[in-house]
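Colleague: Structure provided below as structure tokens; questions to follow.
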Amino acid sequence: MNTIGTQDVGNGVNVQALLDARQALTAAPEAARFQWRAQCQWVNGTHSRTTVHGFAGLGEEHTHRAPFVFDGDHPEVFASQDNGATPVEILLVALAGCLTAGVATVAARRGVRLHSVKASVSGDMDLQGILGIDADVRNGFTGIHVAYEIDADAPPSDIEAIVAQSQKRSAVFDIVTNPTAVTVEVA
Amino acid sequence: MEIPVVIIGAGQAGLAMSRCLTDRSVEHVVLERGTVAHAWRTERWDSLRLLTPNWMSRLPGHRYDGDDPDGYMSAAETAGFLESYGRSFAAPVRAHTTVTAVLPTPDGSLVETDQGPWRCRSVVLATGAAGAPHVPAVSAALPAAIRQITTLEYRNPDQLGAGGVLVVGASASGVQIADELRRAGRAVTIAAGEHIRLPRTYRGRDIHWWMDAIGQLDERYDQVDDLSRARRLPSLQLVGTIERRTLDLNALAAAGVQVTGRLVGVSRGRAQFSGSLANLVASADLKLHRLLDRIDEHVAAYGFKEEVGAPDRPEPTRIAPAPTEIELSRFSTVVWATGYRPRYPRLDASVFDRRGRIRHDGGVVEAPGMYVLGLPFLRRRKSSFIDGVGPDAHDLCAHLVRRLSRRQAA
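For the record, the sequence lines run as chains A and B.
In terms of this note's numbering, the first sequence is residues 115 to 301.
In terms of this note's numbering, the second sequence is residues 221 to 630.
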């Protein structure tokens, strides 16, 4: 059994704040409803620029410390300018970032000090889907693989359990493994 | 009619409480919609056996005394066991009495039934954890051509028409029904969400023997780190058979059952399954080995040697890459093995939380004099087992009697 502690193990995660938030949001479920937003502007060709700044939660509006800007484009082999990562790569960024934040948080909650965490993420895709060549091939990834290399003060089985729990609590992992209703409209 | 205590339900929980009250000479009545052990007789599939070995059927003042302590009782045998329990102390059961509502009164409750009302100071809800099957919302999206059946209605493979079967849920009921349908020659897919994998035996003894021995089943509700999660855990992936075989996803896959992730949607004529199966399987294996580690530590600490076998750890769960979509035309039947929710008579709304679950502290409901018994992890990890409801009944009976005597003194 893991000893659940709130002592600071130096992962830079404020465990007590998370535990307090969990308790507060259990008592006030409406404050737990958040909305995340992004504003996208087409630039040219396949290049677009998306800005993330405001979001809503805890019953009010918030902004990030500064606007964060993401350029999306296609690579030169697609006859594009390659001004940024492809949107599907940005999805891999999101998955890796979410799972790794989870690893740090769960480790801190379990009193496990992390020395280094590296993840290699790959998504396989058959372009016959998006090019409309074969109707039986889906547009999206046929599979995603994440490989973690973790150096921490814990036996391998505890590290595996931390990675497993991180997947269980990950928003992006849920979004990519389970269907989400999406509505797109033209104003 | 007036009586100090009304118990609703004459299953193991209601009878255990009745026995505790009888031992303390507290006048009470047990109201039962059918007859003793009604659900065990009418709401279980034909092949079902208890997940716990016979020797673990212990109730206050009663225990299994047959010649097969390591066997597993059938549902009918369990009903017989409970009937003889009720007879053993002449439990005051009113059969064929359906409680419709429990209303608060200034000094207790008014229990309304189809056979007239009872006024009481204390009421014990002992209708059990498996009152109504829980069917996820995705069921509404299935086409009418697919027959849907819950574990409460399922009896045997012959009951289902020809064609493939999708069993949703991989806890005890789901794996048992999937296995039985596959053995009957059916094409079976099982959709597995979070599950608890266990070997039937470890080091030569039943896994429940070990869980009892290491004290895991006695872990108390006020000692676990996350009680609401502990109360939501799915049932153990086990089956009670003569050969004491292990029934996990490996066994099902070897038998030719297709294993997929959790059923999460229906779209364009296809069932959609979660892509998170690999993680759930890895988590289940990790938790399994954590439990077996505790058992090995127990063996070492107590210096067991010849008494126990070698540490025969189960193989890792290996399942083929699972599809995330399957054409619904492959299924003629969907079996919902997705758990149960308790079912209560009409109660004052204040006793429920916003999710509709009854609020209680170890079985003590906030309404004065009201108790609930037989729910998962009510007071102990084993609370919903036949072997676990006795200690809970004992604790709550003490609380109930203290309260009654305090009121009398006042």
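Glycine included, C-beta positions come from ideal geometry on N, C-alpha and C.
#1: Please state if the CB of B/Arg490 and the CB of B/Val459 are separated by a distance shorter than 9 Å.
#2: Rank B/Leu279, B/Ser552, B/Val387, B/Pro273 by C-alpha distance to the C-alpha of B/Pro611 and give the top, closest one.
#3: Taking all protein chains shown into account, decide if A/Gln130 is buried (16 or more other Cβ within 10 angstroms of its Cβ) or exposed.
#4: Taking the DSSP output, what are the residues bridged to B/Thr648?
#5: Below 9 Å on C-beta distance, what does B/Ser359 contact in chain A?
#6: Which residues in chain B have a C-beta closer than 7 Å to the C-beta of A/Thr291? List them in chain order.
#7: Could you tell me if A/Gln281 is buried or exposed, where buried requires 16 or more neighbouring beta carbons within 10 angstroms of its beta carbon?
#8: At a Cβ threshold of 9 Å, is B/Arg482 touching chain A?
#9: Measure the C-alpha to C-alpha separation of B/Arg635 and B/Gly495 and round it to an integer number of angstroms.
#10: List, in order along the chain, the chain A residues whose C-beta lies closer than 9 Å to that of B/Asn499?
#11: Between A/Met115 and chain B, is any beta-carbon pair separated by less than 9 Å?
#12: Output the residue ranges of the alpha helix (DSSP H) runs that lie fully inside the segment 354-404 of chain B and measure 4 residues or longer, sorted by chain position.
#13: To which residues of the same chain is B/Leu620 closer than 6 Å at the C-beta, ignoring the five residues directly before and after it?
#14: Measure from the alpha carbon of B/Gly384 to the alpha carbon of each residue in B/Thr409, B/Ser393, B/Arg375, B/Val395, then state which is nearest.
#15: Taking only the alpha-carbon atoms, compute the straight-line gap between B/Arg452 and B/Gly476 and give it to the nearest angstrom.
#16: For my contact list, A/Val166 and A/His176 are in at a C-beta cut-off of 8 Å; report their separation, rounded to the angstrom.
#17: Output the distance between the C-alpha atoms of B/Gly254 and B/Thr318, rounded to the nearest integer angstrom.
#18: With 16 as the cutoff for other CB atoms within 10 Å, does A/Thr297 come out buried or exposed?
#19: Can you pull the DSSP bridge partners for A/Phe287?
#20: Please decide whether A/Thr120 counts as near chain B, where near means a Cβ-Cβ distance under 9 Å.
#21: Starting from A/Ser271, find everything on chain B with Cβ-Cβ shorter than 8 Å and list it in chain order.
#22: What is the rounded straight-line gap between the Cα of A/Thr140 and the Cα of A/Gly159?
#23: Ends of the beta strand (DSSP E) at A/Pro181?
#24: Work out the CA separation of B/Cys617 and B/Phe524 for me, nearest whole Å.
#25: Does B/Glu303 pass the burial test, meaning 16 or more other C-beta atoms within 10 Å, or should it be called exposed?
#26: By the criterion of Cβ-Cβ separation under 7 Å, what are the contact partners of B/Gly485 in chain A?
#27: Below 8 Å on C-beta distance, what does B/Ala502 contact in chain A?
#28: Between A/Gly211 and A/Val286, is the Cβ-Cβ spacing less than 9 Å?
#29: Would B/Pro541 pass as an interface residue toward chain A - the criterion being a Cβ-Cβ separation below 9 Å?
#30: At least one CB of chain A closer than 9 Å to the CB of B/Arg451: is that the case?
Modeller: From the atom records:
#1: Looking up residue 459 of chain B in the second sequence gives position 239. Looking up residue 490 of chain B in the second sequence gives position 270. Not a contact, by the Cβ cut-off of 9 Å.
#2: Your numbering for residue 611 of chain B matches position 391 in the second sequence. Ranking B/Leu279, B/Ser552, B/Val387, B/Pro273 by Cα distance to B/Pro611 puts B/Leu279 first.
#3: Along the first sequence, read from residue 1 onward, the residue named residue 130 of chain A stands at position 16. Exposed: under 16 other Cβ atoms inside 10 Å.
#4: Nothing about residue 648 of chain B can be reported from this structure: the residues present for chain B run from 221 to 630 only.
#5: Translated into positions along the second sequence, residue 359 of chain B becomes position 139. Chain A residues near B/Ser359: none, gap ~16 Å exceeds 9 Å.
#6: If you number the first sequence from 1, residue 291 of chain A lands on position 177. Per Cβ cutoff of 7 Å: Ser494, Gly495, Ser496.
#7: By 1-based counting over the first sequence, the position of residue 281 of chain A is 167. Per the 10 Å Cβ criterion, buried.
#8: What you label residue 482 of chain B is simply residue 262 of the second sequence in a count that begins at 1. Yes, B/Arg482 counts as interfacial toward chain A.
#9: The requested residue 635 of chain B is not part of the displayed model; chain B covers only 221 to 630.
#10: Your numbering for residue 499 of chain B matches position 279 in the second sequence. Those within 9 Å of B/Asn499 in chain A are Val277, Ala278, Gln281, Lys282, Phe287, Thr291.
#11: As a working mapping, residue 115 of chain A is identified with position 1 in the first sequence. Model confidence at A/Met115 stands at a pLDDT of 35, short of 50, so the residue's coordinates are unreliable; what they give is reported in the following sentence. Answer yes: the Cβ-Cβ gap between A/Met115 and chain B drops below 9 Å somewhere.
#12: 392-403
#13: Within the second sequence, residue 620 of chain B is the residue found at index 400, counting from 1. Taken in chain order, the residues that qualify are Ser342.
#14: By one-based count along the second sequence, residue 384 of chain B stands at place 164. Looking at the Cα atoms, B/Thr409 is the closest of the given residues.
#15: Along the second sequence, one-based indexing puts residue 452 of chain B at 232. Along the second sequence, one-based indexing puts residue 476 of chain B at 256. C-alpha separation (whole angstroms): 30 Å.
#16: Here the question's residue 166 of chain A lines up with position 52 in the first sequence. Here the question's residue 176 of chain A lines up with position 62 in the first sequence. Contact flag wrong, Cβ pair sits at about 12 Å.
#17: Within the second sequence, numbered from 1, the residue matching residue 254 of chain B stands at position 34. Within the second sequence, numbered from 1, the residue matching residue 318 of chain B stands at position 98. Going by the C-alpha atoms only, they are around 8 Å apart.
#18: Against the first sequence, residue 297 of chain A aligns to sequence position 183. A/Thr297 should be labelled exposed.
#19: Counting from one through the first sequence, the residue named residue 287 of chain A turns up at place 173. A/Phe287 is not bridged to any residue.
#20: Within the first sequence, the letter at position 6 stands for residue 120 of chain A. Unreliable placement is indicated for A/Thr120, whose pLDDT of 48 sits below 50; no coordinate value is reported for it.
#21: What you label residue 271 of chain A is simply residue 157 of the first sequence in a count that begins at 1. Near A/Ser271 (Cβ distances below 8 Å), the residues of chain B are Leu506, His509, Arg510.
#22: Walking along the first sequence from the start, residue 140 of chain A turns up at place 26. Walking along the first sequence from the start, residue 159 of chain A turns up at place 45. The alpha-carbon atoms of A/Thr140 and A/Gly159 are separated by roughly 47 Å.
#23: Counting from 1 along the first sequence, the entry for residue 181 of chain A is found at position 67. Start and end: 174-186.
#24: Locating residue 524 of chain B in the second sequence gives position 304, counting from the first residue. Locating residue 617 of chain B in the second sequence gives position 397, counting from the first residue. So the alpha carbons of these two residues sit roughly 38 Å apart.
#25: Counting from 1 along the second sequence, the entry for residue 303 of chain B is found at position 83. Result: buried.
#26: By one-based count along the second sequence, residue 485 of chain B stands at place 265. In chain order: Pro293.
#27: Position 282 of the second sequence, counted from the first residue, corresponds to residue 502 of chain B. Here the neighbours are Glu274, Ala278.
#28: Along the first sequence, read from residue 1 onward, the residue named residue 211 of chain A stands at position 97. Along the first sequence, read from residue 1 onward, the residue named residue 286 of chain A stands at position 172. It is a contact, given that the beta carbons lie within the stated cut-off.
#29: Within the second sequence, numbered from 1, the residue matching residue 541 of chain B stands at position 321. Yes, B/Pro541 counts as interfacial toward chain A.
#30: Here the question's residue 451 of chain B lines up with position 231 in the second sequence. With 9 Å as the cut-off, B/Arg451 does not count as an interface residue toward chain A.
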